[in-house]
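Asker: Can you keep this structure in mind? I'll have questions shortly.
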Amino acid sequence: MLHHRQRYRRHACGAVFLIMLLVHVGCSRPPQPDPLELPLSEPTSADVADQRTIRQYQTAIQVESSLRSQSSNVATNDWPQLYGPNRNSVAATQAVNLAWGPDGPKQRWSLSIGTGYGSPVVAGNRLVFNHRIDDEEIVQCVDTESGETIWRYRYPTTFVCDVEYSDGPYSTPVIDGDRVFAVGGQGQFFCLSLDSGEIIWSRDLHEEYEVKDGIFPVGASPMVIGDRVIFDVGAEDHGVGILAMDRNDGADIWQSGDAPAGYCAPVAATIHDQSFVFVMTHLGLTSLDPETGLADWSVSHHSRAPMSFNAVTPLVSDNKVLIVTGPGPGAVCLQINPDRTQQELWRDRRVIDCQYNTLMPVGSDVIAFTSAGQGGAELRSVDLATGKLNWKYHSLLRRGQGLVVNGSLVLVGERGHLASVIPTATEANVLAFTAAPIMTEPCFAPPSLAGKHLFVRDGERLACFDLRN
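Printed below as a string of structure tokens:
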């Protein structure tokens, strides 16, 4: 009871403070887009307030949101891996314009590309992504300012997806220092020079460990921690579930577990002054010591449906780890104890049940999209400590992807719409929502934000949008 009263007082104080700020800047809350009133099969034509009014509103409401943001923990403006520098979809604090008009933010450049669902990654003025054209997969590096190609690395592929989705690649590369680590749709692993694209070392992990092609291309993404490259291989017949390779030459350092691979990325964290790596395999979550590969524990969490997979990378926030599988099992939040054990805080099959989407932390809450099984999917805010639903927002974004900057959300819809939302503890405040899709359906790749530029891809195009004020 005391906890709920304290939470109510905190939210009430924040609301009063926000109203005072709105009065101070001389604006009332602007009309907001309301895509919910439109058929989900039609593009939104919601009115957007004039830019001056929206910017005043944005300035005021972000004061409250900044108090709940985790952006201050981000030390770099780069986006070197899937879900950003801390693998939690939070960008560094920076002055960006999220109050664009109905046509979206200004496009800086656009590049025709092949298929794939991997996210673009950025270090300095270099952006790296992977895609497929015909029977070749390509790791490509372009200049972030111009989109001009710096180098390409090509390799053959024969993978054919058994269902009506892209033939790949699905994995997202990692930039670490002067190197790029990339994974092909059939388990090829490459270490390339960021400067030139030249091969430094490579391995065919599926051939080495006799891993058979699945229904979809390889969807696990690698992680670099110190001198180790950690990857969810999923070689269950050889007892090589999770593998740590030497960053310099690709040699095995340790092998752990025997679970089939998931479609996620490992997450490194320091909790209670101890190093952890959390890996969501096909069967559930495993906690590891990154130095030795010894497992602390595993928690079973997966769907028994034949076409359901673990494709949501865990979210680590303080001493909590959130895992989600949808539709079906839903969400489980674990608390990590000082002795490296875990205890379950809450479990809910429906409050968050995303299938492959981003988990976005804002203050003490997590914001995510639900699965398509819940009325076409919607955006929800949930208290991470309790699993309590704060609010939900139903829109054309459907099963969208997103990121957090300055406590605000930048969201890319499944059908190509772009939106910005400032969340509070009680509602989603929509700042901007494009009147029509600006990308081609389907948009399954998470966006990236670096140097005040937003990078978004679909199966045909990679685009850079200017978010500078």
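Residue numbers for the sequence shown, in my numbering: 7 to 475.
The beta carbon of each residue, even a glycine, is placed where N, CA and C say it ideally should be.
With DSSP collapsed to three states, give me the class of E214.
Answerer: helix
Asker: What residues in its chain sit with their C-beta under 6 angstroms from that of D233, if we drop five residues either side in the sequence?
Answerer: R253
Asker: State the Cα-Cα distance for the pair V338 and L328, rounded to the nearest angstrom.
Answerer: Answer to the nearest angstrom: the Cα atoms are 6 angstroms apart.
Asker: Is the region 417 to 424 in contact with the region 436 to 451, if contact means three or more CB pairs nearer than 8 angstroms?
Answerer: Remark: three or more beta-carbon pairs, one from each stretch, lie closer than 8 angstroms, so the region 417 to 424 and the region 436 to 451 are flagged as touching.
Asker: Taking Q361 as the reference, give the member of D279, E350, T376, D210 with the closest Cα.
Answerer: It is T376 whose Cα lies nearest to the Cα of Q361.
Asker: Please state whether DSSP places E142 in a helix, a strand or coil.
Answerer: strand
Asker: Unbroken beta strand (DSSP E) runs of length 3 or more, entirely within the region 243 to 300: which are they?
Answerer: 246 to 252, 258 to 262, 273 to 277, 280 to 286, 290 to 294
Asker: For S314, which three-state DSSP category applies?
Answerer: Secondary structure at S314: coil, using DSSP grouped into helix, strand and coil.
Asker: Check whether the region 278 to 295 and the region 334 to 350 touch, using three or more Cβ-Cβ pairs below 8 angstroms as the test.
Answerer: yes
Asker: List the residues that DSSP assigns as beta-bridge partners of Q341.
Answerer: K326, Q349
Asker: Report buried or exposed for G290, applying the criterion of at least 16 other Cβ atoms within 10 angstroms of its Cβ.
Answerer: buried
Asker: Return the chain-ordered list of same chain residues with a C-beta closer than 7 angstroms to the C-beta of K458, the five sequence neighbours on each side being excluded.
Answerer: Excluding residues within five positions, the ones whose Cβ falls inside 7 angstroms are Q100, V102, L473, R474.
Asker: Restricting to Cα atoms, I'd like to know which of R404, L415, L402 is closest to V372.
Answerer: L415
Asker: Do you know how far the Cα of F237 is from the Cα of R185?
Answerer: 16 angstroms
Asker: From the DSSP secondary-structure annotation, give me the bridge partner or partners of N136.
Answerer: V145
Asker: Quick one: residues in its chain with C-beta nearer than 8 angstroms to the C-beta of R404, no 5 flanking neighbours on either side, listed in chain order?
Answerer: Closer than 8 angstroms at Cβ, skipping near neighbours: L46, F375, A378, G382, A383, G419, E420, R421.
Asker: Looking at C-beta atoms only, is the number of pairs between the region 134 to 144 and the region 204 to 213 that lie closer than 8 angstroms three or more?
Answerer: no
Asker: S262 and G299: beta carbons closer than 9 angstroms?
Answerer: yes
Asker: Run through the DSSP bridge pairs and tell me what V180 is partnered with.
Answerer: Residue pairing by DSSP puts V180 in a beta bridge opposite F187.
Asker: Who are the Cβ neighbours of D182 in its own chain at under 6 angstroms, not counting the five residues just before and after it?
Answerer: V230
Asker: In chain order, what residues of the same chain lie with their CB nearer than 6 angstroms to the CB of P333, ignoring the 5 residues before and after it?
Answerer: Same-chain partners within the cutoff: D359, S377, G379.
Asker: Express the C-alpha separation of A98 and Q38 in angstroms, rounding to a whole number.
Answerer: Residue placement at Q38 is poorly supported in this model, since its pLDDT is 44, which falls under 50; the coordinates are not used for a value here.
Asker: CB S323 to CB P367, shorter than 9 angstroms?
Answerer: yes
Asker: Which value, in whole angstroms, describes the spacing of the CA atoms of T164 and D173?
Answerer: 9 angstroms
Asker: Three-state secondary structure (DSSP) at G240?
Answerer: strand
Asker: Taking Cβ positions, are W85 and P111 nearer each other than 9 angstroms?
Answerer: no
Asker: I'd like the span of the beta strand (DSSP E) that includes R386, first residue to last.
Answerer: 385 to 389
Asker: Can you tell me whether D472 is helix, strand or coil according to DSSP?
Answerer: strand
Asker: Within the continuous beta strand (DSSP E) that includes S199, where are the two ends?
Answerer: 194 to 199
Asker: Closest to V305 by C-alpha separation, out of G124, F195, R353, A311, would be which residue?
Answerer: R353
Asker: So, helix, strand or coil for Y399, using DSSP?
Answerer: strand
Asker: Comparing C-alpha positions only, which one of L365, L294, D243 sits nearest to W260?
Answerer: Nearest to W260 by C-alpha distance, out of L365, L294, D243, is L294.
Asker: Given that a residue counts as buried once 16 or more other Cβ atoms are within 10 Å of its Cβ, and exposed if not, what is Y94?
Answerer: Here residue 94 turns out to be Asn, not Tyr, going by the sequence shown. Flag for N94 reads buried.
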